[in-house]
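**Q** Following this message is one structure expressed as C-alpha cells.
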Amino acid sequence: MRRHDGDAGDDVRAAARRTAGREGRPQVTLPILTALPGERRGYVDGPDGQIHYRSHGEGPPVLLVHQAPWASIQYRHALPRMAAAGFRAIAIDLPGHGMSDPPAHPSIAAYGESLAALLRGLGLGAAAVIGHRGGALAAANLAASHPEMVSGLVLDNAPYLSAEERAARIGRFPDRQDIAPDGSHLVERWAWVRRVGDPDWSDETVHISVLTYFAHGPWKEHGHGAIPLHDPAPDMAAVAAPTLVIASRTDPLFGSGARLLNVRPDWEYSELPGGPGMVLDRPDEWCAVVIPFVDRLFAGLRPDAG
Numbered sequence: 001m002r003r004h005d006g007d008a009g010d011d012v013r014a015a016a017r018r019t020a021g022r023e024g025r026p027q028v029t030l031p032i033l034t035a036l037p038g039e040r041r042g043y044v045d046g047p048d049g050q051i052h053y054r055s056h057g058e059g060p061p062v063l064l065v066h067q068a069p070w071a072s073i074q075y076r077h078a079l080p081r082m083a084a085a086g087f088r089a090i091a092i093d094l095p096g097h098g099m100s101d102p103p104a105h106p107s108i109a110a111y112g113e114s115l116a117a118l119l120r121g122l123g124l125g126a127a128a129v130i131g132h133r134g135g136a137l138a139a140a141n142l143a144a145s146h147p148e149m150v151s152g153l154v155l156d157n158a159p160y161l162s163a164e165e166r167a168a169r170i171g172r173f174p175d176r177q178d179i180a181p182d183g184s185h186l187v188e189r190w191a192w193v194r195r196v197g198d199p200d201w202s203d204e205t206v207h208i209s210v211l212t213y214f215a216h217g218p219w220k221e222h223g224h225g226a227i228p229l230h231d232p233a234p235d236m237a238a239v240a241a242p243t244l245v246i247a248s249r250t251d252p253l254f255g256s257g258a259r260l261l262n263v264r265p266d267w268e269y270s271e272l273p274g275g276p277g278m279v280l281d282r283p284d285e286w287c288a289v290v291i292p293f294v295d296r297l298f299a300g301l302r303p304d305a306g
C-alpha cells in the first residue's frame, strides 16, 4: 500500500535521485511537446470523433502510426527527416491518444479505421504506412481492410504473437487512475519506464513518455489492452502491399520479425542494433532503413525526382 503520510516527500525525493540523478548526465532542457517547429497540425472527423495529426513537408504521403501508450510526438525527430527526403510525413494520434477523441470500443480494427478516416479526410491517395508495435498492427489492419489506401507498409517491431502469448499479456500493464498527493505517481512511472523500456533512452525521451502517458487519463492503456485481443495472422496474410519488417535486436519483440518472415517470405526484412523505439533517440539509423524502402515505393513521384 502506498504511503501518503508526512515522510512520503522524502521517499519521492530519494526515488528521484535514484532514477533521474545519475552522475555524469548533462542537464536536459525541457522539450516542446505541443507545437513542433515546421509542422502543421489539424483534425479530421473519424468514426469516434476528431482525429488529430501532425504534418511535415510536401510530396507523396507517408503515414506514421505510434505505439501505445505514446502519440504522434513519438515521431518528433522522424517527421522533419522524412520531409527533408521529399515526402509529406503525417503522424496520427490514434483515438484515445494525444489530442484525438477516444473510441467507443478500443480495438486494433477501430484504430485501423481511424487511419482510413484520416487518409480520406485529408483527400490523399495511397500512402506508405509505417507502424510501430501496436501501431504496426493497426497499419496492417488498414492494409488488409483497405488495400487501395496503402502503397507500402513498414512494420516496426510488430507484436506477432501466438494465442498463448496474447492471453498472457491480458491485463499485464498497470493502469492507475489516481493522483498521488505527493506526486509520487510521476516518479513511479519514470522508474517503471526506466525499468521496462529501453535502458538507452535519453532523459528527454523518458520525460516525454511520462507526460504523454498521464495526459491520456483513463484511456492511457487502451492501446496495450487492444493488442492481446487481436489475432494479427489474418491481417498479415491479407496484406498485398510491399512490406518491410523491422526487428530491433534488443527489443523483447525481436523474435516477431523472424516469425513474420516465416509466414510472409516475400516481405523485406531489416535488423536494427538497438531496442524499443529506435525512432525516438536514434532517428538517423532508423531513417537510414526506412527512407530507402519508402523511396522505392514512390520512385519518380517526389518533388525533387528526375
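With the UniProt record's numbering as the guide, the letters of the sequence shown map in order to residues 1 to 306.
No residue lacks a Cβ here, since even glycine has one placed at the ideal position from N, Cα and C.
As an exercise, report each continuous alpha helix (DSSP H) stretch of at least 4 residues that is fully enclosed by the segment 141 to 228, in chain order.
**A** DSSP runs (the alpha helix (DSSP H)) wholly in the segment 141 to 228: 163 to 169, 184 to 196, 203 to 215, 222 to 226.
**Q** Sorted by chain position, which residues of the same chain lie with C-beta nearer than 8 Å to residue 319's C-beta, five sequence neighbours on each side aside?
**A** The requested residue 319 is not part of the displayed model; the chain covers only 1 to 306.
**Q** According to DSSP, is D65 helix, strand or coil?
**A** In the sequence shown, counting from the first residue as 1, residue 65 sits at position 65. Reading the sequence as shown, one finds Val at residue 65 and not Asp. The answer is strand: DSSP assigns V65 an E or B state.
**Q** Rounded to whole angstroms, how far is the Cβ of A83 from the Cβ of H56, which I believe are closer than 8 Å?
**A** Sequence index remark: in the sequence shown, residue 83 carries index 83 (1-based). Sequence index remark: in the sequence shown, residue 56 carries index 56 (1-based). Contact flag correct, Cβ pair sits at about 4 Å.
**Q** Pull up the distance between the alpha-carbon of R264 and that of F293, whole angstroms please.
**A** Here residue 264 is taken as the residue at index 264 of the sequence shown, counted from 1. Here residue 293 is taken as the residue at index 293 of the sequence shown, counted from 1. The straight-line gap from Cα to Cα measures roughly 17 Å.
**Q** Would you mind reading off the limits of the alpha helix (DSSP H) that contains V28?
**A** On the sequence shown, position 28 is the one that residue 28 refers to. Per DSSP, V28 belongs to no alpha helix (DSSP H) and is neither H nor E.
**Q** Under the three-state reduction of DSSP, which class applies to residue 341: helix, strand or coil?
**A** Here the chain covers residues 1 to 306 and nothing more, so residue 341 does not appear.
**Q** Just confirm the distance between the C-beta atoms of A91 and L64, as a whole number of angstroms; I'd bet it's less than 8 Å.
**A** Sequence index remark: in the sequence shown, residue 91 carries index 91 (1-based). Sequence index remark: in the sequence shown, residue 64 carries index 64 (1-based). About 4 Å; that satisfies the 8 Å criterion.
**Q** Entirely within the segment 222 to 289 and at least 4 residues each: give me those alpha helix (DSSP H) ranges in chain order.
**A** Entirely contained in the segment 222 to 289, the alpha helix (DSSP H) runs reaching 4 residues are, in chain order, 222 to 226, 233 to 238, 254 to 263, 278 to 281.
**Q** Do the segment 103 to 112 and the segment 130 to 141 make contact, defined as three or more Cβ pairs closer than 8 Å?
**A** Verdict: yes, contact present.
**Q** Applying the 10 Å Cβ sphere with the 16-neighbour rule, what's the burial state of G96?
**A** Looking up residue 96 in the sequence shown gives position 96. By the 10 Å Cβ count, G96 comes out buried.
**Q** Throw me the rounded Cβ distance for the R81 and C287 pair, which I believe falls under 8 Å.
**A** Position 81 of the sequence shown, counted from the first residue, corresponds to residue 81. Position 287 of the sequence shown, counted from the first residue, corresponds to residue 287. About 5 Å separates the two Cβ atoms, so the contact holds.
**Q** Short of 6 Å in beta carbon distance, which residues of its chain neighbour G223, apart from the five on each side in sequence? Order them along the chain.
**A** Position 223 of the sequence shown, counted from the first residue, corresponds to residue 223. Once the five neighbours on either side are set aside, the close Cβ partners of G223 are A68, P69, G134.
**Q** Based on the DSSP output, what are the partners of I73 in its beta bridges?
**A** Reading the sequence shown from its first residue, position 73 is the one you call residue 73. Note: I73 sits in no beta bridge, so no partner.
**Q** Ordered along the chain, which non-local residues of its own chain (more than five positions away) have a Cβ less than 6 Å from that of A226?
**A** Here residue 226 refers to the residue found at position 226 of the sequence shown. Around A226: P106, S107, I108.
**Q** Give a yes or no on whether the C-beta atoms belonging to M79 and R54 are separated by under 8 Å.
**A** The residue labelled residue 79 in the question sits at position 79 within the sequence shown. The residue labelled residue 54 in the question sits at position 54 within the sequence shown. With the sequence shown as reference, residue 79 is identified as Leu, and Met is not the correct amino acid for it. Yes; because the gap between Cβ atoms is below 8 Å, this pair is in contact.
**Q** If you run the structure through DSSP and keep just helix, strand and coil, what is G46?
**A** Position 46 of the sequence shown, counted from the first residue, corresponds to residue 46. Of the three classes helix, strand and coil, the one that applies to G46 here is strand, per DSSP.
**Q** Under 8 Å between the Cβ atoms of P102 and R169?
**A** Sequence index remark: in the sequence shown, residue 102 carries index 102 (1-based). Sequence index remark: in the sequence shown, residue 169 carries index 169 (1-based). Going by C-beta atoms, P102 is not nearer than 8 Å to R169.
**Q** Just checking my contact of H132 with V279 at CB under 8 Å: how many whole Å lie between their CB atoms?
**A** Position 132 of the sequence shown, counted from the start, is the residue given in the question as residue 132. Position 279 of the sequence shown, counted from the start, is the residue given in the question as residue 279. Contact holds; Cβ gap of about 7 Å.
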